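Protein chains in written order, with our numbering: chain R, 42 to 798; chain C, 42 to 798.
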């Protein structure tokens, strides 16, 4: 047990035993940003907050909100927004619905046939399942489709492309197989779904079918639904294929709010709508297509768990895809609830979760949405006792996250200037399971988060959420061989954030310190993820029957919100950020060195004709070609900026700790000045020109990968330039990223000065 | 292309163009051990040798010898030995059959039933297959069984144990599941088959069923026989489960020849016969057993390619196994053919391949056996022209390899003293496919081998066998990430040898410089390995239809035999050996360091209760326990011995090269002295006490792993002591291994002295 943790536990126990037991705690054991007096008040506040969270509420709300399909454009979507609005108001929040109008195509006709060498017509529906009451609403559900693919009616030969990622096309090239003019069959997994059709299109394919192989999601993993939680033969994963790594949000209004009268692009002009047909299917249907493929046996890592030999094709399987959609704008209903801050009303602590699902959405997103509602209810009740947060709280129920974070992106784009001035935190959640914490975010929030979650108990083990989180991360690292282990003692590092949920616009476009929290690990959602079986009945059977993790998550997130709202000074620690940037730079340097070494070896082997000699002449094989050697990159500016950042961060953290040990006894205007400086810090890391080729994404430290989709690339402009072998661009963005870090250090030095007595 | 290779090619081309084109070659481009004059003669000899190899012979002999089941004890086994004897004699060899009498149980009754929760009776036969003519001889085949398991009639609950390796029992312990009193179901793969029942027995199991999962061998890999080369649903892998890591050969006559009147142990005293029932089955039958298992879902890496959820059990599946065997001694017929050396008749170049199969044995072993026969025929014809080898050639057709290298082990044990005095090389083969070379052996033979194979063309690519070998090794290393790459230029390193074929007794027990050669890579034998479908029809369809690789292998092995026979001085280079020992020592030191680091981490996590905290309380889980910390091992004696070895090797190689550049113009008695010293060198590496717990295995540099079975552990006594956490034993064998290296260096220094003018 680490000493800080132990002290934290003592404090909680002491506070529980009675107020007399807790003397003035040393500053480093107090919540970051709190004086000793306020720390005690905050503890009492958190206890009162916790006492008002009732799992029965979560259960009732979840059952109600997931009773019908609630995707964008449905009556239930609107009804859920209205329900949340009424609830927020009844809890004393100043709430309203803000409506945007977004391009959101839904299929009118939708068919898939195998036309050769045998005939098979895909069912494309998810049949009712015993014990799952809402699964009978087949007619009301959206068909299983991928939103923002193209319409059309095409017939073409089929090619199996594994996960459809860049390395898979590399392997296809080695087999001498092109997808040009063909339809690709890709399985879900590895990269984000939207990359599969995007890459297929870039390689010349005319259609993309995506299926869930039982190897990733089905009997290979465990019992299939309804016997167990895993995907059955007819379950389908819907989902967006909007070009998210370029930009989330309404495709027709980039960078601005999609208000009624906003100036819109035409659909043809919309860069994030794909030009290729896309369709998701179940493994029971994919099996017919795979069994009809000829051609070479696919590389071994491409084989899934269906009982057949996975071949690549092309053909003799030939497939017909038909899609025609309603391309009208649909309303998106964001529920926005505010509780005005008493001391710093112009500092906003923003908390959000989306309320739209793909079908019933009990797990994704309503589980975490009702957990957030419980926070809001409890905070409302605290406010009813006369308490007010120092900073303004803004709770948001986003609509349209599933198609592409429409509600959050449009709202933040519409209020961009105000958010740049006022937002001090965006805290996101999306869905939750059982297990332990999984938290990503701005690295300067690491210690703040670790402190906050240590005050909440894990319902299954009785340990603190923090202890279980650390244990899970360490054991996972140990199981992987112990090389990339998090620290054995002290804080659990936050994961770096990319995209994939409503936090994206706040972090990537506005530059707000951001967190994304989830409890997970023991329930693997993929079995019903985005399918018609993501239902209340499934949730209470397999995910969190007693809603105890919904309560734990509400407490953890609620404590973070309340601490961020009530701290004397915004609670951040910059050594954590500097340390993280140092490790990112290390990775990038190692990446370049490894590429250099691999390239030299590749070119040597090509020169010796080794690939051809090592290939079986009885099989079709195209050896790789030489690549340009990797030059020495000029990392010096980033190295210098990092060294400066490390110094500035250390000085600032020291000044902050000194101020804390004096109970932040600074003149009030100085405290405000510190907050103001801290509030704008993350913004310094943005490049006004944005990342290469995708100007909406501006953060130079974290971004979703161009070829990962959701997952993060740190130091993204530099890293992706290296990966793409664009050496000049890498050198240029080394300089720009260094400049951003210098801006950050400059502002940090002002914070340090302002914190001095 | 490496410069030496290039020169080699030039020489071959020049020799082909006509004798005048090749001037005296510099010593380093000549075959190791040859003067310039002899090098030219040797080239001509090899060309003459090659010209006499006819693929039609291989085809004819293979069809004949694989026409009926030919395992030990069959009439066909004897007939094949008689056929080889007649052939050798007809080619001018002095040949005889040497007969041993070995314990070789064969099943009389043999049954397997699933008795709960449903009933299923396994067929345990391999049905005839269209297009495979010998597959109709079901009645004549041995049942699919594992020789040297126990007899019995037991009924017990079933537990699935993955590959049945030590780490799998570790995982079972984490699940809180014991195999005590139960029958285990293991899949083929990862470790040698005999370890599966041995480990099951050590963990308290009463029976062991082994099946071939289609993930390793079946439709997951490619089309199943007869559509393609992979295993069909009813194919079964037979095989020995003799405790080979302890000792191969007749279980009743350890260390001595199993002659008619040899003093024998009782079966109960025989340590290498297992005390547990064992049975191999097909995946069509295993599917019934796996589907009947309950209990937790197995760890993900345990899942095979059958379309079901792999569970561990125990039960409700309950299984009955019945085996009763004929435990009589059976005759084992070794064919021994000799061609007496003209200059050094007491130096024996021994060449061997076994002739017994599990059924028809077309691939294993007869493919390589007929290739070896082609060598013997060609050498016989050369002898017919008046040529004689300088050293004596001994060609051996071993019987009883499949049950446990019976023929080779008994022959070598019977002739041990003579072999220790006379054997200069044992060159083994066993079976071959298409592709490239795979050669293991004593490391001082590395350069000799690389030179010899460079003079033979690969039939598919036209490159030399050496070039293709190097390309394949480099590309495989590149595909694995480029970390453990063989050298980019120069010789391809030989693999270190363990056990698993007839070379074992020569290397491990006698201490003869040893090679084991094979062409492989493009044909994966597992589809018919040890099954009834290892037939002539299969071979000519999927393996080597034109017998061109059989010819290439005969040329490569023949050149090695002829060079070893005719060199002025035995062709060895000791820098290669010293380099290899250095890398083995590095590995062992890194192993200890990694264990130390892992143990510290494990104990930290156990101390923090992290494993329990990170586990899902809804699943049964037993956290691991603390392990004793890894002490600092005293590697100094080995480090010193290695340094000495490196010096001695360098000096010897230099003296050898100098002598070569003077065309070995030493007095004849000095040449003989050098040979005599070199002949006994490998013996210096043996420990007369043998390895800990298995005294038959004496080599301190290479041994089959106690827990790998066939695969090698280098510096085995030290490495396995570390793996078993026996620190005192590790320190003790560091000293003993160092002493062996010192003996080697001492003798090497005598060679150096003798080589000086």
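Quick reminder that beta carbons are idealized off the backbone N, C-alpha and C, glycines included. Computed from a predicted structure; not experimentally measured.
Within the DSSP bridge table, the entry for residue 181 (chain C) names no partner. When Cβ-Cβ separations below 8 Å define contact, residue 509 (chain C) makes contact with chain R. Taking 7 Å as the upper bound on Cβ-Cβ separation, chain R lies near residues 260, 261, 263 and 264 of the segment 260-283 of chain C.
DSSP links residue 562 (chain C) through a beta bridge to C:476. Taking 8 Å as the threshold, the shortest C-beta distance from residue 516 (chain R) to chain C falls below it. The segment 312-325 of chain C and the segment 246-254 of chain R do not touch, with fewer than 3 CB-CB distances between them shorter than 8 Å. Annotation: residue 382 (chain R) to residue 434 (chain R) spans about 7 Å, alpha carbon to alpha carbon.
It is roughly 25 Å from the alpha-carbon of residue 247 (chain R) to the alpha-carbon of residue 443 (chain R). Only residues of its own chain outside the window of five on either side were considered, and among them 154, 156 and 196 have a CB closer than 6 Å to the CB of residue 361 (chain R), listed in chain order. Counting only residues of its own chain and dropping the five nearest sequence neighbours on each side, residue 89 (chain C) has a CB closer than 7 Å to the CB of 423. In the structure shown, residue 271 (chain C) adopts extended strand secondary structure according to DSSP, grouped into three states. For residue 701 (chain R) and residue 87 (chain R), the gap between their C-alpha atoms comes out near 21 Å. Bounds of the beta strand (DSSP E) holding residue 385 (chain C) are 385-395.
Listed along chain R are 657 and 659, each with a C-beta nearer than 8 Å to that of residue 563 (chain C). When DSSP reads this structure, residue 80 (chain R) sits in no beta bridge, so it has no partner. Taken atom to atom, the span from the alpha-carbon of residue 733 (chain R) to that of residue 758 (chain R) is near 7 Å. R:642 is the residue among R:642, R:137 and R:586 whose C-alpha sits nearest the C-alpha of residue 530 (chain C). Note: residue 362 (chain C) is bridge-paired with C:153 and C:195 in the DSSP secondary-structure output. For residue 639 (chain C), the chain R residues whose Cβ falls inside 9 Å of its Cβ are 519, 522 and 523, in order along the chain. For residue 420 (chain C), the enclosing alpha helix (DSSP H) covers residues 409-425. For residue 357 (chain C), no Cβ of chain R is located within less than 8 Å of the residue's own Cβ. One alpha carbon belongs to residue 550 (chain C), the other to residue 794 (chain C), and they sit about 29 Å apart. Its chain contains 68 and 69 as the residues whose beta carbon lies nearer than 8 Å to that of residue 698 (chain C), once the 5 sequence neighbours on both sides are disregarded; these appear in chain order. Residue 469 (chain R): member of the beta strand (DSSP E) spanning 464-469, first to last residue. Taking all protein chains in view, the Cβ of residue 225 (chain R) is crowded by 16 or more other Cβ atoms within 10 Å, so the residue is classified as buried. In the DSSP assignment, the residues bridged to residue 319 (chain C) are C:249. In this structure, the alpha-carbon of residue 118 (chain R) lies about 35 Å from that of residue 657 (chain C).
Listed in chain order, the non-local C-beta contacts of residue 173 (chain C) below 7 Å within the same chain comprise 267, 574, 576, 578 and 579, local neighbours out to five positions each way being set aside. Ranking R:354, R:789, R:341 and R:132 by CA distance to the CA of residue 691 (chain R) puts R:789 first.
When secondary structure is reduced to three states using DSSP, residue 90 (chain C) falls in the helix class.
Rounded to whole angstroms, residue 366 (chain C) and residue 745 (chain C) show a C-alpha spacing of 29 Å. For residue 645 (chain C), the chain R residues whose C-beta falls within less than 7 Å of its own C-beta are 529, listed in chain order. Chain R has no Cβ within less than 8 Å of the Cβ of residue 581 (chain C).
With respect to the 8 Å criterion, residue 724 (chain C) and residue 476 (chain C) are not classified as neighbours on the basis of their beta carbons. Of the candidates R:727, R:664, R:756 and R:614, R:756 places its Cα closest to the Cα of residue 679 (chain R). DSSP places residue 740 (chain C) in the strand class (E or B) of the three-state scheme.
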